[in-house]
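Report on the structure given below.
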Amino acid sequence: RQVIHGSDMDPHAIRAAKENAQVAGVAEAIWFGVREVGDLQTPPQATGVVVCNPPYDERLAADAALYRRLGDTLQRAVPQWRASLLCGNAELAYATGLRAGKKYQLFNGAIECALIVCDPIAVPRRTPLAAPTALSEGAQMVANRLRKNLQKFKKWRAREGIECFRVYDADLPEYSAAIDVYQQADGDRRVFLHVQEYAAPATIPEADVRRRLGELLAAAREVFEVPGERVALKSRERGKGGSKYGRFEQRNEFINVREHGALLRVNLFDYLDTGLFLDHRPLRGTMATQSKGRRFLNLFCYTGVASVEAAVAGA
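In our numbering, the protein residues as written are 1 to 315.
Structure follows, in structure tokens:
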């Protein structure tokens, strides 16, 4: 019974694969065919696994258009199947348009590759959201300030290539929090928000504190069009021992972001700090520029971002 179907547009590759299967004693279990990736048809089986090793080195025609076609074909023909794709690098993997549940860096000989695993290939459609409720007067005030700040930062972000930045820092005193924007550097480049609520004076009723925080979060979600699961909230709560940080999530979720040419891995949800302090960006940029071609010793390393950016800059 042929339980494995294999294809390639190159007849010579198919001939070699048949010979190898014969030597391995598995030829009867494999169907071979000469066809292009776009010719893949929907099989009768509801579930299965697609394994693909698309072109990725200098000898072969590796380009983003081919990878995009591969991703489109898989989503059309086998959306509920699982896929493992051995790609030349992360950029080519992202060109497929597929959302990888897992990604591994490995070598095929001397060639560094990215293995992405999609399970399933097509992400299930979300249930349509209910119509949003109108913002309260306070939330609308915060939303207006966020939009004003975004407009103010627009040219600066374009000029400097800024993808992660602080958009709000207690601009309105009664809404005392900092809002940082983190844009994913890969995949579908989703936007995440990191909100840090500042401790309110003890004279302010707890009900007012909670209401204002809710209004700030509602405004931020509307302006940036992000669902609640992409908003990380770090708030201080008054307790017997004074102010203390509330409980954090344990999602073990990391995203890649980019700053000064460095690709950085951050966790926005599980810890107090994200590992990337956005207000320190100018200092990191200066250090990276001044350390080019020099030996660099970071005596206050902590998360090591400054060291990474200095190394990328040529330290």
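Just so it is clear, CB atoms sit at the ideal spot from N, CA and C, and this is done for glycine as well.
If we call anything under 8 angstroms between Cβ atoms a contact, is residue i one with residue j?
i: Ala93; j: Leu106; result: no
i: Ala77; j: Gln41; result: yes
i: Tyr168; j: Leu146; result: yes
i: Leu11; j: Val34; result: First, the residue type needs correcting, since residue 11 is Pro and not Leu in the sequence shown. Yes; because the gap between Cβ atoms is below 8 angstroms, this pair is in contact.
i: Leu263; j: Ala185; result: yes
i: Glu197; j: Ala143; result: no
i: Asn323; j: Arg265; result: Summary: the structure shown does not reach residue 323, with the chain confined to residues 1 through 315, and so no result is reported for it.
i: Arg258; j: Glu112; result: no
i: Val3; j: Ala29; result: yes
i: Asp180; j: Leu278; result: yes
i: Ala17; j: Phe32; result: yes
i: Ala315; j: Ala219; result: no
What whole-angstrom Cβ distance do residue i and residue j have, given they're in contact under 8 angstroms?
i: Leu193; j: Phe224; result: 6 angstroms
i: Ala83; j: Cys118; result: 5 angstroms
Between the C-alpha atoms of residue i and residue j, what's the straight-line distance to the nearest angstrom?
i: Ala134; j: Glu215; result: 11 angstroms
i: Val49; j: Trp81; result: 6 angstroms
i: Gly293; j: Ile121; result: 45 angstroms
i: Asp39; j: Ser176; result: 57 angstroms
i: Phe319; j: Ala114; result: Not covered by the structure: residue 319. The range shown for the chain is 1 to 315.
i: Lys102; j: Ile116; result: 6 angstroms
i: Ala100; j: Gly71; result: 11 angstroms
i: Tyr302; j: Met9; result: 51 angstroms
i: Ala232; j: His260; result: 24 angstroms
i: His5; j: Leu98; result: 22 angstroms
i: Ala21; j: Pro79; result: 28 angstroms
i: Asn298; j: Thr289; result: 14 angstroms
i: Glu160; j: Leu217; result: 28 angstroms
i: Ala207; j: Ser136; result: 16 angstroms
i: Phe300; j: Ser307; result: 10 angstroms
i: Arg212; j: Val191; result: 23 angstroms
i: Gly228; j: Ala178; result: 17 angstroms
i: Arg247; j: Gln151; result: At Arg247, the pLDDT of 42 sits below 50, so the modelled position is not reliable; the number obtained from the coordinates is stated separately. Their backbone Cα atoms lie some 34 angstroms apart in a straight line.
i: Lys234; j: Ala202; result: 19 angstroms
i: Leu283; j: Arg210; result: 35 angstroms
i: Ala313; j: Pro205; result: 50 angstroms
i: Arg230; j: Phe254; result: 12 angstroms
i: Ala311; j: Val51; result: 36 angstroms
i: Ile14; j: Ser7; result: 7 angstroms
i: Pro54; j: Gln75; result: 16 angstroms
i: Met141; j: Val226; result: 19 angstroms
Using the beta-carbon count (16 or more within 10 Å), is residue i buried or exposed?
i: Tyr67; result: buried
i: Lys154; result: exposed
i: Glu309; result: buried
i: Thr96; result: buried
i: Phe269; result: buried
i: Val305; result: buried
i: Leu276; result: buried
i: Gly88; result: buried
i: Lys148; result: exposed
i: Arg295; result: exposed
i: Thr274; result: buried
i: Arg281; result: buried
Less than 7 angstroms separating the Cβ of residue i from some heavy atom of the ligand PLP?
i: Glu163; result: You won't find the ligand PLP in this model; it holds no ligand whatsoever.
Inside the stretch 173 to 237 only - beta strand (DSSP E) runs reaching at least 3 residues: 177 to 183, 191 to 197, 231 to 234
Which ranges would you report for the alpha helix (DSSP H) in the stretch 35 to 88 if only whole runs of at least 4 residues count? 64 to 77
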